[in-house]
């Protein structure tokens, strides 16, 4: 089975736990729309890739953890799109959950997806019960206050916030959870995997800032220009587009060197390089900053 | 230590995990206001009482599970009070979280409290790691779709709902989680404890319906008459006040007989009787239905 199939299967299984004929059908539909069809599934792919690079003997727990991280991500998107935050009518090129199902079901679907994340860990963890507590710890830390993605979103409600602090929590924290959880699911020491998650999380956020400025809504699948419209901190606004692209390339280079020595480090380096090209393609740089020469990671 | 102190200490510990100088201070304040000062803490008291009745050797895990259940309850109150649901400006006699901190922080505080619930289980579970998975299962089921409290709230978004189905999910599910988790935290068979939770959950919901009609906002600590104003199913509306009080008394009597035989069953029966008098006092019946003779449970 390919990793993408593993992820979709684990997500399907997680939603199936919360769906039967006795439950409210509109909530089930809203949850489904929050998860399928997905985006690039970049975080769960990272979890599985790290688990494989660490030589995981089976991938059931890694797939459960990967799905848990993606469900947390989907929950945060559903709540971020609410009228009181971004008031975003589209997401991944389709109506957002709140636009399609109303504000009340969007609040509840987000809540239920957070719980589904823990249920997904349980489902994958039966063969390795001793790995459950560290995984819960990792994923909870990546999501909660003081420095997970919920805290990241909450920084938007504060009068002052530093760009790095905001981005580390809003995006970086769940990337750290993704790499650390991959190692934990494989049963190996997880601390060496933090740096990779930090670099990739920061790179991803910078790429997101670049794309928010550079692409139109159709290419993004969600409203464009939101950072400026909502007064959000953005590296593209702070450094200019060329500066942001240079920062992105530097972060990807750091990420490559941050991969701990392990059985699958070469494949992981290839994955990071390919992913970086998908996030900020050279064609985009040519269009935005034709005089800029980019160094491949 | 008394059970009330155990619960407050476990709740303090759970919030402390998500609070430090690096996090957004307004989110921490909103979370705190959602949890302290508490209401009657009826669910966590039930969890601890069941664990004690089952002869739990130590109460650390039971306190962690009790706090987890209370945090889930607090999260649901914060989200239920949002403008898109009840638009409630007061709760427990003080401004609701959304009224005090705004809608955005109310959404995020509720999300963070759901995660805090799982962190609370972890903190209490270190001495009994094998009890962690069943407890996560129990608490998740009590909260999630298809039949937990989130599903209960989601029934309000459906065109048709049966009263029993709605109340079982909206209130009963977390009472079932409370009794079952008490037994699981004590390391004994938990299935016999489901009926007690079901009866008490239904009784509590009926009491809530009665109080919503019979008490004014000051005595309730939240807006009164909300069920009728929001068109919510209510046993007081369906059966009349006398009928609802009779149903309440019958449910309390069932609950007493549903207590499994165990070391502390006599104390637990006393607790149920005292709690029932607090929820629907005889003085209230005299005022509402002076001709009605109530049989003590």
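Chains as they are written, first to last, in this note's numbering: chain S, 29 to 325; chain Z, 29 to 325.
Every residue, glycine too, gets a C-beta built ideally from N, C-alpha and C.
Keep in mind it's a predicted model, so treat the numbers as computed, not measured.
Residue contact check for residue 142/S against chain Z: a CB pair falls below 8 Å. Residue 314/Z: member of the alpha helix (DSSP H) spanning 310-316, first to last residue. Note on geometry: alpha-carbon atoms of residue 191/Z and residue 263/Z lie some 8 Å from one another.
For residue 157/Z, there is no enclosing alpha helix (DSSP H), as DSSP marks it with neither H nor E.
Closer than 7 Å at the C-beta level to chain S, one finds these residues of the segment 171-202 of chain Z: 171, 172, 173, 174, 175, 178, 179, 181, 182, 183, 185 and 186. Between residue 284/S and residue 202/Z, the alpha-carbon positions lie close to 47 Å from each other. Taking a contact as a CB-CB distance under 8 Å, the pair residue 280/Z and residue 313/Z does not count as one, their CB atoms being some 13 Å apart.
The beta carbons of residue 206/Z and residue 269/Z sit no closer together than 8 Å. With respect to the C-alpha of residue 145/S, the residue from 94/S, 112/S and 73/S having the closest C-alpha is 94/S.
Under the 8 Å criterion on CB atoms, residue 56/S is classed as interfacial with respect to chain Z.
Beta-bridge pairing by DSSP links residue 123/S to 118/S. Per the coordinates, the alpha-carbon of residue 215/Z lies some 7 Å from the alpha-carbon of residue 84/Z. Using a CB distance cut-off of 8 Å, residue 156/Z does not count as an interface residue toward chain S. Put simply, the CB of residue 113/S is near chain Z, with a gap under 8 Å to one of its CB atoms. For residue 86/Z, same chain residues with a beta-carbon under 8 Å away, outside a window of 5 residues either side, are 155 in chain order. Look at residue 132/Z: its C-beta is under 8 Å from a C-beta on chain S. Distance from the CA of residue 30/S to the CA of residue 277/S, rounded to the nearest whole angstrom, comes to 28 Å.
In this structure, DSSP gives residue 260/Z a state outside helix and strand, which the three-state scheme calls coil. For the set 123/S, 109/S, 53/S and 46/S, the Cα lying nearest the Cα of residue 142/S is the one of 46/S. Within the model, the alpha-carbon separation for residue 200/S versus residue 230/S is close to 6 Å. Taking 7 Å as the cut-off between beta carbons, none of the residues of the segment 231-265 of chain Z comes near chain S. Distance from the Cα of residue 137/Z is smallest, within the candidate group 109/Z, 153/Z, 91/Z and 164/Z, for 109/Z. At the C-beta level, residue 286/S and residue 223/S come within 8 Å of one another. The DSSP assignment places 245-248, 254-257, 263-286 and 293-307 as complete runs of the alpha helix (DSSP H) inside the segment 242-311 of chain Z, in order along the chain (cut-off: 4 residues). Here residue 63/S is near residue 102/S, since their CB atoms are less than 8 Å apart. In the three-state DSSP reduction, residue 50/S falls in the coil class, being neither helix nor strand. DSSP places residue 205/Z inside the alpha helix (DSSP H), whose first and last residues are 201-214. With its beta carbon at least 8 Å from every one in chain Z, residue 123/S lies outside the interface. Only those residues of the segment 86-97 of chain S whose C-beta falls short of 7 Å from the nearest C-beta of chain Z would be listed, and there are none. Residue ranges of uninterrupted alpha helix (DSSP H) with 4 or more members, entirely inside the segment 34-98 of chain Z and ordered along the chain, are 53-63 and 70-81. Annotation: residue 107/Z to residue 135/S spans about 8 Å, alpha carbon to alpha carbon.
Shown here, residue 136/Z sits in a helix according to DSSP, grouped into three states.
Residue 225/S is outside the set of residues whose beta carbon lies under 8 Å from a beta carbon in chain Z. Interface flag for residue 35/Z against chain S is unset, since no Cβ pair is found closer than 8 Å. Between residue 90/Z and residue 81/Z the beta-carbon gap is near 11 Å, outside 8 Å, which marks them as no contact.
Here residue 126/Z has 109, 110 and 134 as same chain residues with Cβ atoms under 6 Å from its own Cβ, once five neighbours each way along the sequence are excluded.
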